[in-house]
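*Asks:*
Protein chains in written order, with my numbering: chain A, -3 to 179; chain B, -3 to 179.
1) I'd like to confirm the pairing. Which residues does DSSP put opposite residue 70(B) in its beta bridges?
2) How would you label residue 93(A), buried or exposed, when you count the other beta carbons within 10 angstroms and need 16 or more for buried?
3) Using CA coordinates, which residue listed in 78(B), 95(B) and 127(B) is at the minimum distance from residue 36(B)?
4) Report the rounded CA-to-CA distance for residue 0(B) versus residue 2(A), giving the unit in angstroms.
5) Decide if the segment 62 to 79 of chain B is in contact with the segment 107 to 124 of chain B; the criterion is three or more beta carbon pairs, one per stretch, under 8 Å apart.
6) Could you please give the first and the last residue of the uninterrupted alpha helix (DSSP H) stretch that includes residue 99(A)?
7) Tell me, to the nearest whole angstrom, how far the beta carbon of residue 156(A) is from that of residue 71(B); I am working on the premise that it is less than 8 Å.
8) From what residue to what residue does the alpha helix (DSSP H) around residue 40(B) run?
9) Between the Cα of residue 131(A) and those of 6(A), 121(A), 28(A) and 137(A), spot the shortest distance and give me the residue it belongs to.
10) Measure the beta-carbon distance from residue 148(B) to residue 148(A) and round it to whole angstroms, keeping in mind my assumption that it falls under 8 Å.
11) Starting from the beta carbon of residue 50(A), find every residue of chain B whose beta carbon is closer than 7 Å, and list them in chain order.
12) Could you tell me the distance, in whole angstroms, from the CA atom of residue 15(A) to the CA atom of residue 101(A)?
13) Can a CB atom of chain A be found closer than 9 Å to the CB of residue 151(B)?
14) Would residue 172(B) pass as a contact of residue 172(A) if the rule is Cβ separation under 9 Å?
15) Do you know how far the Cα of residue 83(B) is from the Cα of residue 27(B)?
16) So residue 103(A) contacts chain B; which residues on that side make the cut at Cβ distance below 7 Å?
17) Step through the CB atoms of chain B and report whether any lies within less than 9 Å of the CB of residue 1(A).
18) Taking all protein chains shown into account, decide if residue 57(B) is buried (16 or more other Cβ within 10 angstroms of its Cβ) or exposed.
19) For residue 64(B), would you say it is in contact with chain A, using Cβ-to-Cβ distances shorter than 9 Å as the test?
20) Between the beta-carbon of residue 60(A) and the beta-carbon of residue 129(A), is there less than 9 Å?
21) 9 Å is my cut-off, CB to CB: does residue 178(B) come that close to chain A?
22) Report the option in 10(A), 29(A), 140(A) and 127(A) whose CA atom is closest to the CA atom of residue 163(B).
23) At a CB-CB cut-off below 7 Å, which residues of chain B make contact with residue 140(A)?
24) Just verifying my parser: in three-state terms, what is the DSSP assignment at residue 130(A)?
25) Classify residue 156(A) as helix, strand or coil using the three-state DSSP reduction.
26) Please classify residue 105(B): is it buried, with 16 or more other beta-carbons within 10 angstroms of its beta-carbon, or exposed?
27) Determine the burial state of residue 22(A): buried for a count of at least 16 other Cβ atoms within 10 Å of its Cβ, exposed for fewer.
28) Going straight from the alpha carbon of residue 186(A) to that of residue 20(A), what length do you get?
29) Of all the options 108(B), 143(B) and 165(B), which has the alpha carbon lying nearest to the alpha carbon of residue 135(A)?
30) Are residue 10(B) and residue 91(B) close, meaning C-beta to C-beta below 9 Å?
31) Identify each residue in the segment 85 to 96 of chain B for which the Cβ-Cβ distance to at least one residue of chain A is less than 8 Å, and report them in chain order.
Here's what the structure looks like:
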């Protein structure tokens, strides 16, 4: 998985091959060829691994401050700045996502990723409502708004040059939480 | 431009060539080869044409109901359903956008598209504030939130299978306008 990450980041999706992943792999290369049918097979396993890793990292504590958890989740997905490695990786992920309309197994993975993000936000919203810090909003619809905003920001960040985008988005999100969500 | 649209929709970005565009072109094919250096050159002209067409279609009447104009603009970008032709075209546009991280001229075009959408929304927000129907929100930051939400919804629509996404997003947007933006 680490070898796939490095190869993807360096070569992008279009130029990726299983042999380029093998170049990054320290263990037996035949093991890699034995386990995976080709780059798409390996990438599906990689996308699954990414979601699992991300999910394992996310805390969902119904007793903790829901607003703080929501803000920190957003910061993980939309950090104020990206270093070169993060930018290369986001770019490669977008290239894979652009294959999803024609590739059902990729589409399944991105459907899972989107569902995970949406459901996590939904749980933060419901905790906040329970805790009395958030108003009684429609948590499913509101979580979808957050998800699309996050996906859009990730897309814009690598495909357009608007130096103010992330700052403006964070400021709008602040107002949204403080003036709309807050109980 | 019509020939480019048809070829792009049918073949997608990766399989597109200037000869496939020429196949859709009723006039002299040599004219096409004479005017454009290759598929990328033609696609940049096509992206410029799309923005111009879209901009010409959008009404920005400071005297008209700003909320209605904002809703109708959103509906244009995120219609409740896509027919096959619209879906094919959105898919092809995403494939081009996924090239933008490595391709400066594409990135310039998507920067322009994003700017046009953001500035249009900003003007609707400012009209609404002027008309007294919207609260005095930070129109630049709020327009960025709308833009990312729109870009995310367009991306999700063709790359993930969530039949509720658009319905939920519209419902969240309704609440946002009625309970947050409304004066």
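The C-beta atom is built at its ideal place from N, Cα and C for all residues, glycine as well. Note that the structure is a prediction, hence the values are computed from the model and not measured.
*Replies:* On the basis of the coordinates in this document:
1) DSSP lists no bridge partner for residue 70(B).
2) buried
3) Ranked by how close their Cα comes to the Cα of residue 36(B), the residues 78(B), 95(B) and 127(B) have 95(B) in first place.
4) Cα-Cα distance, rounded: 36 Å.
5) yes
6) Careful: residue 99(A) lies outside any alpha helix (DSSP H) and carries neither H nor E.
7) Actually they are not in contact, since the Cβ atoms of residue 156(A) and residue 71(B) sit about 23 Å apart, beyond 8 Å.
8) Following the DSSP letters along the chain, one finds residue 40(B) inside the alpha helix (DSSP H) bounded by residues 35 to 53.
9) 121(A)
10) 3 Å
11) Simply none; closest approach about 16 Å.
12) 22 Å
13) yes
14) yes
15) 30 Å
16) Within chain B, 155, 156 and 157 have C-beta atoms less than 7 Å from the C-beta of residue 103(A), given in sequence order.
17) no
18) Answer is exposed; the Cβ neighbour count stays below 16.
19) no
20) no
21) no
22) Looking from the CA of residue 163(B), the closest CA among 10(A), 29(A), 140(A) and 127(A) belongs to 140(A).
23) Here the neighbours are 161, 164, 165 and 168.
24) strand
25) coil
26) buried
27) So residue 22(A) counts as exposed.
28) No answer is possible for residue 186(A): it lies beyond the span of chain A, which begins at -3 and ends at 179.
29) 165(B)
30) yes
31) Of all residues in the segment 85 to 96 of chain B, 87, 90, 91, 93, 94 and 96 have a Cβ within less than 8 Å of some Cβ in chain A.
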